[in-house]
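Residue numbers (my numbering): -9 to 162.
Structure representation (structure tokens):
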């Protein structure tokens, strides 16, 4: 009976080891799939952001070029302004990025001498694009940012923009 007990014990140990291996293997597969989906999601978001940044950069350049040209084609300038505004979300950021950009766009359209407003608008948009790039870079390394991390990033970038503006005014 000793050999039989030993055989049963060995069989039970083998079955337990197999079950543990299956559970661990299943867990590893699940984690690998989760990480892969997460990476694919971040990659998709990053690619969409790159496309958005390229479209925003082009829209800003086209709008500013049309405004500087000072031609009588105000309809084209208005069309370009609406295109730019459609790339923005002033409801979420009425006092900073988007809201400020929309106010500047309207000033550029309405005012006779557009150059100073265009210059200020370009500075804002450069800071905005730098913010998007930094956020995209961090998300590429870390993964999806929390709302608090995004808010901190926006606040830091806007603070840097405000300091740049103050330095520029002080130099005048």
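The beta-carbon is built from N, C-alpha and C at its ideal position, and this holds for glycine as well.
### Query
Which whole-angstrom value is the C-beta distance of residue 129 and residue 135, which I expect to be below 8 Å?
Under the criterion of beta carbons closer than 8 Å, residue 129 and residue 135 qualify as touching, at roughly 6 Å.
### Query
What are the start and end residues of the alpha helix (DSSP H) that includes residue 107?
Residue 107 -> alpha helix (DSSP H) spans 105 to 132.
#### Entry: Cβ-based neighbour list, residue 88, same chain, cut-off 6 Å, excluding 5 preceding and 5 following
Only 78, 79 and 80 meet the Cβ criterion.
### Message
Using the three-state DSSP reduction, which class does residue -2 fall into: helix, strand or coil?
### Response
Per DSSP, reduced to three states, the secondary structure at residue -2 is helical.
### Message
Is the beta carbon of residue 119 closer than 9 Å to that of residue 43?
### Response
Cβ atoms of residue 43 and residue 119: closer than 9 Å.
#### Entry: Continuous beta strand (DSSP E) assignments of at least 3 residues falling wholly in the segment 49 to 90
Positions of the beta strand (DSSP E) runs, each at least 3 residues long and wholly inside the segment 49 to 90, cannot be given because no such run exists.
### Message
Using 9 Å as the threshold, is the C-beta distance between residue 95 and residue 74 below it?
### Response
For residue 95 and residue 74, yes; Cβs fall inside 9 Å.
### Query
Roughly how many whole angstroms lie between the Cα atoms of residue 99 and residue 36?
Cα to Cα, the separation comes out at about 33 Å.
### Message
Quick check on this structure: which residue in 50, -1, 82 and 13 has the alpha carbon closest to the alpha carbon of residue 110?
### Response
Taking the Cα of residue 110 as reference, the smallest distance to any Cα among 50, -1, 82 and 13 is reached at 50.
### Query
CB-CB under 6 Å to residue 113, same chain, minus the five flanking residues each way: which ones, in chain order?
Contacts found: none.
### Task
Go ahead and label residue 76 buried or exposed: buried means 16 or more other beta carbons lie within 10 angstroms of its beta carbon, across all protein chains shown.
Residue 76 comes out exposed.
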